[in-house]
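Each remark here refers to the structure printed beneath this line.
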Ligand code: F3S
């Protein structure tokens, strides 16, 4: 691998042990994937932030790195935590767990993440970190990677936990995979004949396509979607998240909508075709036989203000009989409070949960064993990571389950 003089000096330890260790990781990853060089990245998004996932060993690993002098060299954001960093007791977390989760965030603060005020979220592009067309970044959360590559036209592989931290410390990643033009051509044309209306329909479509195409790059034709129509970005957010969860899709194109598909032909010669006639298999694959639900979860990936406003509208004057949690970034929650939509949700018995993600929380320990989700990705991980039974349905259907009309 070709390295610049500065990269060689960092690798030799001239900028201290923390940078040396980061360079060793970045170079080793680059070599595994046959990168010829490293490339500078404009931003990094770090995963492995939930204390439930990384545990004491992960916290120690990060704390030792920080103590060695690890400091980020580019703007860096964090993936969600397990609990809301402020109202964790309302969620049912105990003080010991919340303290350890806060300790993880504090280590990242020590490293300079978020200029000392990190905003844990899987949708950093909703809160001011939206890379531009062709910009190289190193992001870790699969749904954010999909959004950055596809909807924004930026370039990122899905970085692993330590790999993303290392990339943040040196501001570089290996030039391979999604960073190279050759790998950004679509390899399968997806012809959508099914009717799509709701955000969950896009999520169901993503679950079906992700399971079928695995790691390929799909090109969607026939989606009833126009740029700048209401919720167009949220629909793509839902589609990409589900494909990344059910398969490992890091990039997709949508005819006339996504930036690379608008700029030039992106369908590779010899690409296969996949026809989608029905969405029901996407819903069915994530519906367990449950007699009741004890939580409704909205906000996977983290909800936008528009999504929260839709829930508020649906709940106005009604009362929930089971808890509703809407996960989002803290600035989005603050905006929802400022605009009054949070009050409608809270009056109905729902909660806006900032910072956190239910799929990486100890959901069963909190007393939830069957959860309704409007997101295929959310249901997929709740079932596989949190071990709960799931109902995957539209927002209206989820709310109908949870509502007791007053
Ligand atoms: Fe985000 Fe958690 Fe869903 S990280 S994409 S809310 S599974």
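In my numbering, the protein residues as written are 15 to 420.
Glycine included, every Cβ here is placed at the ideal spot set by N, Cα and C.
Same chain, Cβ closer than 8 Å to residue i, neighbours up to 5 away in sequence not counted
i, result
"residue 23", "29"
"residue 73", "65, 114, 117, 118, 121"
"residue 78", "none"
"residue 148", "167, 168, 169"
"residue 396", "311, 372, 373, 377, 385, 387, 402, 404"
"residue 19", "none"
"residue 207", "236, 289, 290, 291"
"residue 226", "261, 288"
"residue 205", "235, 236, 287, 288, 289, 290"
Contacts around residue i, its chain only, beta-carbon distance under 7 Å, and the 5 residues preceding and following it disregarded
i, result
"residue 247", "165"
"residue 419", "Confidence in residue 419 is poor, its pLDDT being 42 and thus under 50, which makes the residue's placement too unreliable to answer from."
"residue 336", "307, 308, 309, 310, 416"
"residue 34", "24, 25, 27"
"residue 43", "177, 188"
"residue 144", "166"
Bridge partners - residue i, DSSP secondary structure assignment
i, result
"residue 16", "51"
"residue 205", "235, 289"
"residue 403", "384"
"residue 341", "367"
"residue 172", "153"
"residue 188", "52"
"residue 60", "92"
"residue 310", "338, 386"
"residue 116", "Per DSSP, none; premise fails for residue 116."
"residue 200", "281"
Supposed contact pair residue j and residue i - C-beta distance, whole angstroms, cut 8 Å
i, j, result
"residue 38", "residue 25", "7 Å"
"residue 189", "residue 87", "18 Å between Cβ atoms; not a contact."
"residue 363", "residue 334", "4 Å"
"residue 409", "residue 328", "7 Å"
"residue 32", "residue 83", "4 Å"
"residue 15", "residue 49", "6 Å"
"residue 175", "residue 61", "5 Å"
"residue 128", "residue 91", "6 Å"
"residue 359", "residue 325", "6 Å"
"residue 275", "residue 224", "With a Cβ gap of about 19 Å, residue 275 and residue 224 do not count as contacting."
"residue 171", "residue 191", "4 Å"
"residue 293", "residue 399", "The pair is not a contact, with the Cβ atoms about 24 Å apart (cut-off 8 Å)."
"residue 440", "residue 320", "One cannot answer for residue 440 here, as it falls past the ends of the chain, which runs 15 to 420."
Residues of its chain near residue i, where Cβ-Cβ distance is below 6 Å and the 5 sequence neighbours each way are ignored
i, result
"residue 403", "302, 304, 384"
"residue 412", "310, 386, 388"
"residue 258", "156, 157, 160"
"residue 286", "202"
"residue 140", "318"
"residue 252", "213, 216, 217"
"residue 356", "350, 366"
Closer than 8 Å to chain D by CB, residue i
i, result
"residue 214", "Judged by its chain identifiers, the structure shown contains no chain D, having just a single protein chain."
The segment 209-229 / the segment 287-306 touching (three or more Cβ pairs under 8 Å): yes
Stretch pair the segment 86-102 + the segment 361-377: three plus CB contacts closer than 8 Å: yes
Three-pair Cβ contact test at 8 Å for the segment 247-266 versus the segment 149-158: yes
Cβ pair count under 8 Å reaching 3, the segment 341-358 against the segment 128-145: yes
Segment contact flag, the segment 177-193 with the segment 44-58, C-beta cutoff 8 Å, min 3 pairs: yes
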